[in-house]
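Novice:
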Amino acid sequence: MLIKRREFIQVGSLATASLMLPKFLKAFEVPRLVPAGNKIVVVIQFSGGNDGLNTVIPVRNDIYYSSRPKLGITKDNALSLTDEVGLHPSLTGLKSLYDDGSLGILNSVGYPNPDRSHFRSMDIWQTAANSNEYLTSGWIGRYLDAQCIGCDKPTQALEIDDILSLALKGQNKNGLAFKDPRKLYSSSNENYFKEINAGHHHEEETVDYLYKTMSETLSSADYIYKQSKLHPTGSEYPKTGLGKSLKTIASLILSDINTKVYYVSLGSFDTHVGQENKQKQLFTEFSDAVSAFTADMKTNNRFDDVLLFTFSEFGRRVSQNASGGTDHGTANNMFLISGALKQKGIINAMPDLSDLQEGDLKYKMDFKNVYATVLNKWLNADDASILGKQYELLNFI
Amino acid sequence: MIITNRLKNQHLLWRAGFGPTASDAPSLGNISQKKMWEQLIKSSSKSPDKINVASNRFDGLMQGIKDIEKMKELSKEDKKELRRQSADDLKNLNVSWMNEMITGKDQLREKMSLFWHGHFACRVINIYFQQELLDVIRQNALGNFGDLLKGVSKSASMLQFLNNQQNKKQHPNENFAREVMELFTMGRGNYTEEDVKEAARAFTGWGFNLQGEFVFREKQHDDGGKTFLGKTGNYNGDDIIDILLEQSQTSVFITKKLYRFLVNEDIDSTKVDWLAKRFHQSNYDIKKLLTDIFTADWFYEEKNIGTQIKSPIVLLAGIRRILPLQLSDDLSQLLFQKALGQTLFYPPNVAGWPGGKNWIDSSTLMLRLRIPQIIAANETINIQTKPDDDVMMGMSSEERMAAKMNKDYADKGVNVTVDWNSVINMFDNVSRDQLLQQISDTLLQSQSRVNTTVLEKYLKTDTRENYIKSAMINVMSTPEYQLC
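Protein chains in written order, with our numbering: chain A, 167 to 563; chain G, 96 to 579.
#1: Would you kindly work out how many angstroms separate the C-alpha atoms of K444 of chain A and S489 of chain A, rounded to a whole number?
#2: Along the chain, where does the alpha helix (DSSP H) containing G276 of chain A start, and where does it finish?
#3: Could you run through the stretch 456 to 467 of chain G and flag, in chain order, every residue whose CB is less than 8 Å away from some CB of chain A?
#4: Examine chain G for any beta-carbon lying closer than 9 Å to the beta-carbon of D328 of chain A, and answer yes or no.
#5: Counting contacts by CB-CB distance shorter than 9 Å, is R226 of chain A in contact with chain G?
#6: Under 9 Å between C-beta atoms, does N296 of chain A make it to chain G?
#7: For a minimum of 4 consecutive residues, which ranges assigned as the alpha helix (DSSP H) are wholly contained in the stretch 204 to 289 of chain G?
#8: Figure out for me which residue from A:E325, A:A364, A:P404 has the closest Cα to the Cα of G259 of chain A.
#9: To which residues of the same chain is N510 of chain G closer than 6 Å at the C-beta, ignoring the five residues directly before and after it?
#10: Just to check my reading of the structure: A497 of chain A and G276 of chain A have Cβ atoms closer than 8 Å, yes? What is that Cβ distance to the nearest angstrom?
#11: So is P574 of chain G in contact with chain C if we call contact Cβ pairs under 9 Å?
#12: Compare the beta carbon distance of A182 of chain G and P443 of chain G with 9 Å and say whether it is the shorter of the two.
#13: Closest Cβ-Cβ distance between L578 of chain G and chain A: below 9 Å?
#14: State the beta-bridge partners of N126 of chain A as determined by DSSP.
#15: Looking at the C-beta of V549 of chain G, does it have a partner C-beta in chain A at a distance below 9 Å?
#16: Taking A387 of chain A as part of the beta strand (DSSP E), name the residues at either end of that continuous run.
#17: Please name the residue in A:S256, A:G525, A:M531, A:H494 whose C-alpha comes closest to that of S283 of chain A.
#18: Identify, in the order they occur along the chain, each residue of the same chain with its Cβ nearer than 7 Å to the Cβ of S118 of chain G, setting aside the five sequence neighbours on each side.
#19: To which residues does DSSP link F323 of chain G through a beta bridge?
#20: How many angstroms separate the CA atom of T116 of chain G from the CA atom of S535 of chain G?
#21: Nearest to I470 of chain G by CA position, among G:G447, G:L305, G:P419, is which residue?
#22: Tell me the rounded alpha-carbon separation between D327 of chain A and A343 of chain A.
#23: For T280 of chain G and chain A, any beta-carbon pair shorter than 9 Å?
#24: If we ignore side chains and look at the alpha-carbon of each, how far apart do F348 of chain G and L332 of chain A end up?
#25: Where does R110 of chain G fall in DSSP's three states?
#26: Return the bridge partner residues of M288 of chain A from the DSSP annotation.
#27: Suppose you measure from the CA of R416 of chain G to the CA of G481 of chain A; what does that come to, to the nearest Å?
#28: Starting from the beta carbon of H284 of chain A, find every residue of chain G whose beta carbon is closer than 7 Å, and list them in chain order.
#29: Could you check where the alpha helix (DSSP H) with Q211 of chain A kicks off and where it finishes?
#30: For T365 of chain G, collect the residues of the same chain with a Cβ closer than 7 Å to its Cβ; drop the 5 residues on either side in sequence, then sort them by chain order.
#31: Residues of the stretch 265 to 299 of chain G in Cβ contact with chain A at a cutoff of 7 Å, in chain order, please.
#32: Which of the three DSSP states is assigned to K335 of chain A in this structure?
#33: Measuring only between beta-carbons, confirm whether P347 of chain A sits less than 9 Å from chain G.
#34: Look at V219 of chain G and F256 of chain G and say whether their C-beta atoms are less than 9 Å apart.
#35: Quick check: the stretch 396 to 409 of chain G against the stretch 367 to 380 of chain G, are there 3 or more CB pairs under 8 Å?
#36: What does S118 of chain G touch in chain A if you count any residue whose Cβ is under 9 Å from its own?
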């Protein structure tokens, strides 16, 4: 015997509910302009372990071509950056950004004692843990913890996804995940949730924590939706997953929202087989979406305030495998994109293919140096307390 | 809050099991906690049957591969096929075990098995290994902690997950030795790096064969003298575990973790010390420790009732116990597990699920609040879980298929049939004006209650039956229901 959803739902009065909203939620209704020069980070996660060597290609390296007789991308096919370095042919948008001085490339980024399991390695990148420790909070979550003491808006870090990543989970604060601002929460029970929330007055700690999370979610949903409608971007974006996500992010950046960090994933880059097609498809999606996004930011004079960077949990092995793909490796490159880069182009040395560890690249730069730089120099945050240690800062911003 | 006899019994059922069922709920007021505890022990006393789900296909693939060396001869495609089939079978293991938690009489055993599953967290995609480890855990869940620890330490799952197959005299691998101390027995800060190195030497040669049986490879074992936690001898792995069990810190570490799981996230160190001492004195008799906890008056104190956030597994099992239902597709439960952050056999890492407030963020909370509604109204859920590349193994066609299945599922929704008669029967002897109170008291453990006036607005009042149904679903769709 089934009962229909409608039978449960009676229309409650939203107006009544909003009159009953607790005081701390009222803060959401006061417009607060984001100060000019408000710096924003957009993180794009390449899930699955992107093959960095076919992304930023050492076009004059014999070891590269002899290790990859089939999979190697020839100098002619690559998009030329320098005499030595080319980009994957599908990354046309990135090539323009390079020519424009808005692209930085960091090579050989990784961490000591790398783990080749996707899950564990992604865990390490998201929590910024050492490879022998297990953290239950992510680096952006801990940024929220530090940044958001006493603040009433949990919207400082947003993920465009149905499920929140560990990267955005703090010890006390969590970022917020949603795919579409309009559908941040299912509307089916909206009135019910709002009313029970308004009627909640208890002192019990855990119950209170749950109600607080619920009301923050409900009011953030309203807030984000309103902000996304405030100055919706008029620019054209590709109708791909990443295209839609970056369009949402752009609309929010152009609004008065207080968000500092946006997080979105693209994948899967796990190219054991059929790498050529898979990488081509994903890079086309990436390149087109990022081109639209950066053009949009330029048009609106915000490109100097935005830093977009990419990462993947590991790179692939130097040698191709027998199935037209590559297996799990270690160190990898990262793209840095902004109108305000202080170091541009290829920032550090290309990986040394004659100095490998059991067929894998050796890492030359800890990814935590990149995080520390972004936290300290871009977000003005206390990087040492968030990362648990003082890491040397880099000069790209 | 008045702590009624019923509330205390429900408290016991939630903490020592997965909550009351629709059939036992009505009579919960008429029995003492001591009696109920005896019943829980009794119904979990029989050795459990092994859950065996490895498919014929997997068995077939494994036929002919008698040892690890032959495994290396397998073609890449065969290996991949083996892993894929194994990952599929793991889903069935998940569903079968969930069913035990929902319908099994041995509630205490399954609840403790869930605890040990998180304590000895292990993430390997080999159905033989995983169902063997689960069996070790379920067999010993209420027995002796030392036996359990040794069983787990010699399981192929754990030896593989923590790389002890690679732990050889010439090239020691410390991973297993480190985690045995850090996570399974003493906890950080109670041993030195030197102890880790020496223990690793003692565990050299511990390995497994393809059938998942423990193998001691004598040639790879370092039989020289070792100094471990202040003692010296030609120790092997068993000796190291025995020395770890001698340490009273081991009983403190385990008791503390168990106290958090069963009693309260806030540790009462006086109580933990008392429990740990007795646990150590009993030579790690788990059943005795549980009896100490569940028959203590303080366990039933107000501050311990209704203050724990249900883990996703406890939440999902609990819903199905009080709301008997049939799913058109059992595997749909996995989608909920994944979206809520706890998939059986896929712990986040060797440290297990952190639990407590970590279960809650806006996405997981809103989904939790909607689940009763989704079930009762046969609603569709529109959630895409993140892909797991360790399982997908870069098979783009597989990935596409999984994504498609996910989409089909989201489009169609899961077909659920709720046995509403059992639910309605629960309240046969309750008068209409007492109904809402009684329903709340049956479902909720928290002191906090949703305001009746607000709740009434959303209830169906045409028939008594519809009133009960809508009240059940609405009370379950509250933050309070997330607690036990």
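Cβ coordinates follow ideal geometry from the N, Cα and C atoms, glycine included. Small disclaimer: the values here were computed from a predicted structure and weren't measured.
Specialist: This is what the structure holds:
#1: Within the first sequence, the letter at position 278 stands for residue 444 of chain A. Within the first sequence, the letter at position 323 stands for residue 489 of chain A. Going from the Cα of K444 of chain A to the Cα of S489 of chain A covers about 13 Å.
#2: Counting from 1 along the first sequence, the entry for residue 276 of chain A is found at position 110. Run containing G276 of chain A: none in the alpha helix (DSSP H); it sits in the beta strand (DSSP E), 269 to 276.
#3: D456, S457, S458, T459, L460, M461, L464, R465
#4: The residue you call residue 328 of chain A lines up with position 162 of the first sequence. Answer yes: the Cβ-Cβ gap between D328 of chain A and chain G drops below 9 Å somewhere.
#5: Along the first sequence, read from residue 1 onward, the residue named residue 226 of chain A stands at position 60. Output row for R226 of chain A: interface = no.
#6: Walking along the first sequence from the start, residue 296 of chain A turns up at place 130. Chain G, which has no Cβ nearer than 9 Å to the Cβ of N296 of chain A, makes this no.
#7: 222 to 235, 240 to 248, 251 to 256, 270 to 274
#8: Locating residue 259 of chain A in the first sequence gives position 93, where the first residue counts as 1. Closest option to G259 of chain A, Cα to Cα, is A:P404.
#9: As a working mapping, residue 510 of chain G is identified with position 415 in the second sequence. Same-chain partners within the cutoff: S423.
#10: Along the first sequence, read from residue 1 onward, the residue named residue 497 of chain A stands at position 331. Along the first sequence, read from residue 1 onward, the residue named residue 276 of chain A stands at position 110. The Cβ separation is near 4 Å, so the contact holds.
#11: This model lacks chain C altogether; the protein chains it does include are A and G.
#12: Start at 1 with the first residue of the second sequence, and residue 182 of chain G comes out as number 87. Start at 1 with the first residue of the second sequence, and residue 443 of chain G comes out as number 348. No, the pair does not count as a contact, with Cβ atoms beyond the cut-off.
#13: Within the second sequence, the letter at position 483 stands for residue 578 of chain G. Cβ-Cβ to chain A under 9 Å: yes for L578 of chain G.
#14: This structure gives no information on residue 126 of chain A, because the portion of chain A shown stretches from 167 to 563.
#15: Taking the first residue of the second sequence as position 1, residue 549 of chain G is located at position 454. Yes - at least one Cβ of chain A is within 9 Å of the one on V549 of chain G.
#16: Position 221 of the first sequence, counting from 1, holds the residue named residue 387 of chain A. Secondary structure note for A387 of chain A: it is in no beta strand (DSSP E), and the uninterrupted alpha helix (DSSP H) holding it is 371 to 396.
#17: Translated into positions along the first sequence, residue 283 of chain A becomes position 117. Residue A:H494 is the option with its Cα nearest to S283 of chain A.
#18: If you number the second sequence from 1, residue 118 of chain G lands on position 23. Contacts found: S517.
#19: Here residue 323 of chain G refers to the residue found at position 228 when the second sequence is read from its first residue. The partner list for F323 of chain G (beta bridge, DSSP) reads G:K326.
#20: Here residue 116 of chain G is taken as the residue at index 21 of the second sequence, counted from 1. Here residue 535 of chain G is taken as the residue at index 440 of the second sequence, counted from 1. So the alpha carbons of these two residues sit roughly 15 Å apart.
#21: Taking the first residue of the second sequence as 1, we reach residue 470 of chain G at position 375. Check the Cα spacing between I470 of chain G and each of G:G447, G:L305, G:P419: the tightest is with G:P419.
#22: Taking the first residue of the first sequence as position 1, residue 327 of chain A is located at position 161. Taking the first residue of the first sequence as position 1, residue 343 of chain A is located at position 177. Those two C-alpha atoms are separated by around 6 Å.
#23: Here residue 280 of chain G is taken as the residue at index 185 of the second sequence, counted from 1. No, T280 of chain G does not count as interfacial toward chain A.
#24: In the second sequence, the residue the question calls residue 348 of chain G occupies position 253. In the first sequence, the residue the question calls residue 332 of chain A occupies position 166. C-alpha separation (whole angstroms): 26 Å.
#25: Taking the first residue of the second sequence as position 1, residue 110 of chain G is located at position 15. R110 of chain G falls in the helix class under three-state DSSP.
#26: Locating residue 288 of chain A in the first sequence gives position 122, where the first residue counts as 1. In the DSSP output, where bridge partners are listed per residue, M288 of chain A has none listed.
#27: As a position in the second sequence, residue 416 of chain G is number 321, starting the count at 1. As a position in the first sequence, residue 481 of chain A is number 315, starting the count at 1. Computed Cα separation, rounded: 46 Å.
#28: Sequence index remark: in the first sequence, residue 284 of chain A carries index 118 (1-based). Ordered by position in chain G, the residues that pass the 7 Å Cβ test against H284 of chain A are D484, D485.
#29: One-based indexing of the first sequence puts residue 211 of chain A at position 45. Counting along the chain, Q211 of chain A falls outside any alpha helix (DSSP H), though it belongs to the beta strand (DSSP E) covering 206 to 213.
#30: Taking the second sequence and counting its residues from 1, the one referred to as residue 365 of chain G is at position 270. There are no such residues.
#31: none
#32: Reading the first sequence from its first residue, position 169 is the one you call residue 335 of chain A. DSSP places K335 of chain A in strand when its eight states are reduced to three.
#33: Walking along the first sequence from the start, residue 347 of chain A turns up at place 181. Judged by the 9 Å Cβ criterion, P347 of chain A is not in contact with chain G.
#34: Here residue 219 of chain G refers to the residue found at position 124 when the second sequence is read from its first residue. Here residue 256 of chain G refers to the residue found at position 161 when the second sequence is read from its first residue. Taking 9 Å as the Cβ cut-off, V219 of chain G and F256 of chain G qualify as a contacting pair.
#35: Taking 8 Å as the limit for Cβ pairs, the verdict is that the stretch 367 to 380 of chain G does not touch the stretch 396 to 409 of chain G.
#36: To locate residue 118 of chain G, count along the second sequence from 1; it is residue 23. Neighbours of S118 of chain G on chain A: none; closest Cβ ~18 Å, over 9 Å.
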